[in-house]
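In full-length UniProt numbering, the protein residues as written are 1 to 269.
A quick write-up on the structure given underneath.
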């Protein structure tokens with residue numbers, strides 16, 4: 001399934017006014033389980049740093065929802081948000097200027113080539129690495145770009161069905177993925193190979209999260225990919241499924257999963 005065309009349509013709808021974009025960010029934070037897991041890690045990191053100057057790289061910023069959240073936590077944090085998609089960078093810069101967030105800059109960039117030695121206290125990479133073939137080179141760039149003691153946070157699909165692939169004959173639900181997901185040991189080994197001194201990984205999207213993902217993401221995306229007319233039906237669909245997804249998301253974040261279709265990985269320089 002082509003995911004990017006659907007994202008472009010959603011972006012066009014919610015980019016019409018700053019108010020709609022804020023609504024969009026809030027909906028993403030509630031609906032997307034990965035946002036729940038990422039915010040859990042970011043809250044832990046931010047707890048003792050809100051009064052300190054920090055440099056942050058949002059590596060593969062997408063719509064900019066994580067940069068929006070991070071920039072709201074402290075005006076002392078300076079954030080560079082990078083993505084390869086020019087239209088998203090342009091839209092995001094316009095929005096953040098409109099709302100007066102002076103501590104944020106969006107820039108077009110290729111993570112395979114980008115490196116800024118000893119510059120960032122935190123690097124965030126959410127649902128990016130499954131799109132990049134040269135992953136070890138990117139991990140080396142991340143490691144070099146962090147200050148000593150700096151932390152990398154990654155959210156990515158696992159090889160337990162993270163791209164909705166459960167067998168050798170199946171293809172990824174998202175056609176833009178270059179890999180179907182990481183083995184939990186594989187990604188830890190690659191990060192250590194890239195020079196990180198400590199790596200911790202855990203599963204996300206356990207059984208509650210997998211049900212939530214189907215209800216909140218897979219089925220709506222399949223409908224929209226079949227016909228844009230389903231945009232009319234979508235609010236009624238979410239009216240029924242949204243409360244269930246919220247409960248499932250909460251259970252997934254609180255749980256400790258022996259396996260799952262997502263991974264949350266933290267690594268320190």
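Note that CB positions come from ideal geometry on N, CA and C, so glycine has one too.
Just to confirm the assignment: which complete beta strand (DSSP E) runs, minimum length 3, are found wholly within the UniProt domain "Methyltransferase" (52 to 158)? Within the UniProt domain "Methyltransferase" (52 to 158), the complete beta strand (DSSP E) segments of 3 residues or longer fall at 54 to 59, 77 to 83, 104 to 108, 120 to 126, 146 to 157, listed in chain order.
Cβ shell of residue 78 (< 6 Å), same chain only, five flanking positions each side left out: Walking along the chain shown from the start, residue 78 turns up at place 78. Cβ neighbours of residue 78 beyond the five flanking positions: 55, 103.
For residue 257 versus residue 219, is the C-beta distance shorter than 8 Å? Against the chain shown, residue 257 aligns to sequence position 257. Against the chain shown, residue 219 aligns to sequence position 219. Cβ distance not < 8 Å, so residue 257 and residue 219 don't count as in contact.
Quick check: the Cα distance between residue 89 and residue 107, rounded to an integer number of angstroms? Your numbering for residue 89 matches position 89 in the chain shown. Your numbering for residue 107 matches position 107 in the chain shown. Going from the Cα of residue 89 to the Cα of residue 107 covers about 6 Å.
For residue 91 and chain D, any beta-carbon pair shorter than 8 Å? This model lacks chain D altogether; it includes just one protein chain.
Sequence ranges, beta strand (DSSP E) only - wholly within the region 180 to 219, length at least 3: Under the rule that a run must span 3 or more residues, the beta strand (DSSP E) segments found entirely inside the region 180 to 219 read 198 to 204.
Between which two residues does the alpha helix (DSSP H) carrying residue 40 extend? To locate residue 40, count along the chain shown from 1; it is residue 40. Looking at the DSSP string, the run of the alpha helix (DSSP H) that includes residue 40 is 33 to 46.
At which residues does the alpha helix (DSSP H) containing residue 178 begin and terminate? Locating residue 178 in the chain shown gives position 178, counting from the first residue. Run containing residue 178: none; DSSP gives neither H nor E here.
Who are the Cβ neighbours of residue 128 in its own chain at under 6 Å, not counting the five residues just before and after it? In the chain shown, counting from the first residue as 1, residue 128 sits at position 128. The beta carbon of residue 128 sits closer than 6 Å to the beta carbons of 60 from its chain, once the five residues preceding and following it are set aside; these are given in chain order.
For residue 96, tell me which candidate among 111, 80, 117 has the shortest Cα-Cα distance. As a working note, residue 96 is residue 96 in the chain shown. The residue with the shortest Cα to Cα distance from residue 96 is 80.
Residue 14 versus residue 23 - alpha carbon distance: Counting from 1 along the chain shown, the entry for residue 14 is found at position 14. Counting from 1 along the chain shown, the entry for residue 23 is found at position 23. Distance from the CA of residue 14 to the CA of residue 23, rounded to the nearest whole angstrom, comes to 8 Å.
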